[in-house]
Amino acid sequence: MSNYHIKHLEEYYQVYRKSVRHPENFWEEIAEEHFVWRKKWNSVLEWDFSKPEVKWFNGAQLNITENCIDRHLHIRGHKTAILFEPNNPGEEARHITYKELHEQVCKMANVLSEKGIKKGDRVIIYLPMIPELAISLLACARIGAVHSVVFAGFSSTALSTRVNDCGAKMVITSDGSFRGAKTIDLKGIVDEALKECPEVKTVLVAKRIHSDISMKAGRDEWLAPLMDAAYGDYPPEIMEAEDPLFVLYTSGSTGKPKGMLHTTGGYMVYTAYTFKNVFQYREDDVYWCTADIGWITGHSYIVYGPLANGATTVMFEGVPSYPDFGRFWEIVDKHKVTQFYTAPTAIRALAKENLDFVTTYDLSSLKVLGTVGEPINEEAWHWYNDHVGEKKCPIVDTWWQTETGGILISPIPFSTPTKPTYATLPLPGVQPALMDENGQEITGNQVDGRLCIKFPWPSMARTIWGDHKRYKDTYFTAFKNMYFTGDGALRDEVGYYRITGRVDDVIIVSGHNLGTAPIEDAINEHPAVAESAVVGFPHDIKGNALYGYVMLKETGESRDRDNLKKEINQMITEHIGPIAKLNKIQFVNGLPKTRSGKIMRRILRKIASKDTSNLGDTSTLLNPEVVSEIIKEVL
Ligand code: WT7
1 MSNYHIKHLE
11 EYYQVYRKSV
21 RHPENFWEEI
31 AEEHFVWRKK
41 WNSVLEWDFS
51 KPEVKWFNGA
61 QLNITENCID
71 RHLHIRGHKT
81 AILFEPNNPG
91 EEARHITYKE
101 LHEQVCKMAN
111 VLSEKGIKKG
121 DRVIIYLPMI
131 PELAISLLAC
141 ARIGAVHSVV
151 FAGFSSTALS
161 TRVNDCGAKM
171 VITSDGSFRG
181 AKTIDLKGIV
191 DEALKECPEV
201 KTVLVAKRIH
211 SDISMKAGRD
221 EWLAPLMDAA
231 YGDYPPEIME
241 AEDPLFVLYT
251 SGSTGKPKGM
261 LHTTGGYMVY
271 TAYTFKNVFQ
281 YREDDVYWCT
291 ADIGWITGHS
301 YIVYGPLANG
311 ATTVMFEGVP
321 SYPDFGRFWE
331 IVDKHKVTQF
341 YTAPTAIRAL
351 AKENLDFVTT
361 YDLSSLKVLG
371 TVGEPINEEA
381 WHWYNDHVGE
391 KKCPIVDTWW
401 QTETGGILIS
411 PIPFSTPTKP
421 TYATLPLPGV
431 QPALMDENGQ
441 EITGNQVDGR
451 LCIKFPWPSM
461 ARTIWGDHKR
471 YKDTYFTAFK
481 NMYFTGDGAL
491 RDEVGYYRIT
501 GRVDDVIIVS
511 GHNLGTAPIE
521 DAINEHPAVA
531 ESAVVGFPHD
541 IKGNALYGYV
551 MLKETGESRD
561 RDNLKKEINQ
571 MITEHIGPIA
581 KLNKIQFVNG
591 LPKTRSGKIM
601 RRILRKIASK
611 DTSNLGDTST
621 LLNPEVVSEI
631 IKEVL
């Protein structure tokens, strides 16, 4: 039996039981057998959730890039590590081999080091999905600098806040980016942001769109000539297992963004292990995750997890709708992609379009499909299963968070029977608990509660950069000796987990606990509905009542609105019960979304309760314009 690669359900249960009974032995075996360490650990795990403090492989030394690159050179030096697919389908894809990746990363490591970046320094990376982005992360890791990637769709204010919060001395960016038919002036945004960031001494600029930009003398430098002149080898900096690897910002329910700090050894072991199992990765696979490296999904499952396994990982610069809605499927066909990992929001958007966009292409190379980021509704699950996977590819609904570093709950393909809308079972080493409002664990099956994790896993965030107290308050205070996820979940009769959504999205109507996700699922089952969001608003008698924002499909637009409202409530009644019927329904042209595709329910809640005075910062939204449209209709 191999702990490292699970192949059937019995084996999963055996491995899982072992991982819970003897977590240290379990992770120690994996760490020992599958990675290169410069020095062995003194202890596998030291932890105390009351502080909270967690140390994995303490005392061990390593460099993560040696594990992601160097050790592959003699066996797969000429294999493609990164397969870059440009925004414009007319531009040729680039195959960067492990050998080339090694050279590029070493060159950039030399550049960073010549610019005075040392172990422990923070470097902000604000780049589009071009190879320089992955290379920058790895170059930082090579020299022991702490990278902090800011998604290149964030505004200058969002960027300067993050630069200052982590005290970065350097920013790596590009002249601009391509996104579908548009170009974006990234350098202009950086210039604007850096007016507020006196500590930044150097800006390295990659050339991508060849636009005419201004370079500030003494601060800005083109990256390419520096890379050309740099030496192509750089000895990996020897890091402690618990040395910081990166900071990645995630929005909190209140206040400024939280810089989640991830460390080196445990993060490497966990992302590599979960990549291998959740995607059932094999040597000749071509794996594609459509996320942006600006999110944790890209860090763990485009860069570190795949490369630690010597995989070929696709990096796509563009968008699913350019030049048309068939782009994803064209790429799958062209590169013979074997694992495809995307977000439910993308699936829903593509499912709205003509099926010809899918059927034109040969998707027979696909073996495993994945989703992440939000609950996937049944309709989208079935569309994905029927039309993309052609009913032969298991769908892994992977639940995790920026804070968790890696996937915690997910089916293992070909082992765990899937069930639509269920993330199913905890991965080995993960010990979930459902808690009630009084802080008691709810045991047994067919129950629901607040989702906590009661034992450390190797890739958990260790703190919030510069604010350990906030880390403790946010995650370790609500439930004693537990990591609180902020999500609600139910456990069905066989122990499968279904994530019901953020606990802050649970609405209590007449004393009944209602999750927004199942109601939205029911609404979305209506053939005229494309997408919906449900929030609560204060109600005299019920305490809270439900408000539904509903976006119609093109085919639904001509329908009578009053009839539609009746039918939607009928749908809900059928799926959940009359208690979940909506008090108000508003038809909208779009729902406000974050850049990662999550519906901003906070804003919708405020509008529903007619409190539009202080909507907070809407500048980081994907589509801020829909907010004013929605308000106009209400008032
Ligand atoms: C929140 C974390 C993990 C990378 C992308 C998002 C929600 C995530 C699922 C899923 C239902 C999910 C949770 C979680 N979420 N995956 N498979 N099913 N909900 O990372 O931005 O840190 O968001 O996303 O609510 O708490 P994130």
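Per the UniProt record's numbering, numbering of the sequence shown is gapless, rising by one per residue and ending at 635. Just so you know, even glycine gets a beta-carbon here, dropped at the ideal spot from N, CA and C.
Nearest-angstrom beta carbon gap, residue j and residue i [assumed within contact, 8 Å]
i: residue 205; j: residue 175; result: 6 Å
i: residue 114; j: residue 236; result: About 17 Å separates the two Cβ atoms, so there is no contact after all.
i: residue 11; j: residue 415; result: 7 Å
i: residue 15; j: residue 6; result: 6 Å
i: residue 500; j: residue 522; result: About 13 Å; that fails the 8 Å criterion.
i: residue 422; j: residue 496; result: 5 Å
i: residue 243; j: residue 144; result: 7 Å
i: residue 607; j: residue 631; result: 6 Å
i: residue 358; j: residue 387; result: 5 Å
i: residue 667; j: residue 147; result: Past the edges of the chain, shown from 1 to 635, lies residue 667, and the structure says nothing about it.
i: residue 64; j: residue 315; result: Actually they do not touch by this definition, with Cβ atoms about 18 Å apart.
i: residue 189; j: residue 223; result: Between residue 223 and residue 189 the Cβ distance is about 17 Å, and since that is not below 8 Å, they are no contact.
Residue from the options with nearest C-alpha to residue i
i: residue 617; options: 67, 87, 157 and 150; result: 157
i: residue 135; options: 120, 148, 106 and 278; result: 106
i: residue 73; options: 92, 53, 97 and 83; result: 97
i: residue 634; options: 588, 614, 625 and 263; result: 588
i: residue 275; options: 247, 576, 313 and 9; result: 313
i: residue 208; options: 219, 100, 91 and 269; result: 91
i: residue 87; options: 183, 533, 542 and 141; result: 183
i: residue 533; options: 258, 539, 524 and 541; result: 524
i: residue 151; options: 53, 167, 109 and 297; result: 297
i: residue 402; options: 36, 8, 149 and 394; result: 149
i: residue 260; options: 440, 359 and 162; result: 162
i: residue 191; options: 33, 180, 217 and 210; result: 217
i: residue 419; options: 54, 141 and 395; result: 395
i: residue 392; options: 398, 551 and 384; result: 384
i: residue 128; options: 295, 287 and 103; result: 295
i: residue 4; options: 287, 427, 602 and 472; result: 427
i: residue 347; options: 290, 17, 89 and 498; result: 290
i: residue 686; options: 8, 58 and 360; result: What is shown of the chain runs 1 to 635, which leaves residue 686 out entirely.
C-alpha distance - residue i paired with residue j, whole-angstrom precision
i: residue 536; j: residue 376; result: 21 Å
i: residue 253; j: residue 122; result: Annotation note: pLDDT 48 at residue 253 (below 50); position unreliable, coordinate value reported separately. Computed Cα separation, rounded: 25 Å.
i: residue 1; j: residue 22; result: Only weak support is given to the placement of residue 1: the predicted model assigns it a pLDDT of 39, under 50, and the value that follows is read from those uncertain coordinates. Residue 1 and residue 22: Cα-Cα distance of roughly 16 Å.
i: residue 553; j: residue 292; result: 27 Å
i: residue 593; j: residue 378; result: 21 Å
i: residue 493; j: residue 249; result: 37 Å
i: residue 366; j: residue 340; result: 7 Å
i: residue 572; j: residue 519; result: 6 Å
i: residue 326; j: residue 382; result: 18 Å
i: residue 44; j: residue 624; result: 47 Å
i: residue 584; j: residue 437; result: 29 Å
i: residue 279; j: residue 343; result: 15 Å
i: residue 434; j: residue 441; result: 6 Å
i: residue 507; j: residue 263; result: 36 Å
i: residue 627; j: residue 563; result: 26 Å
i: residue 475; j: residue 78; result: 44 Å
i: residue 101; j: residue 234; result: 12 Å
i: residue 17; j: residue 432; result: 13 Å
i: residue 141; j: residue 286; result: 25 Å
i: residue 601; j: residue 615; result: 11 Å
DSSP three-state assignment for residue i, whether helix, strand or coil
i: residue 627; result: helix
i: residue 331; result: helix
i: residue 527; result: coil
i: residue 361; result: coil
i: residue 448; result: strand
i: residue 545; result: strand
i: residue 47; result: strand
i: residue 401; result: coil
i: residue 441; result: strand
i: residue 253; result: Interpretation of residue 253 is limited by its pLDDT of 48, a score under 50 that renders its predicted location unreliable; the figure taken from the coordinates is listed afterwards. Reduced to three states, the DSSP call for residue 253 is coil.
i: residue 108; result: helix
i: residue 303; result: helix
i: residue 13; result: helix
i: residue 572; result: helix
Cutoff 8 Å: residue i Cβ touching any chain C Cβ
i: residue 237; result: The structure shown has no chain C; it contains just one protein chain.
Checklist entry - Which residues are close to ligand 1, meaning CB closer than 7 Å to any heavy atom, in chain order? => result 250, 295, 296, 297, 371, 372, 373, 374, 375, 376, 397, 398, 399, 400, 401, 402, 403, 423, 485, 486, 487, 499, 501, 502, 596 and 598
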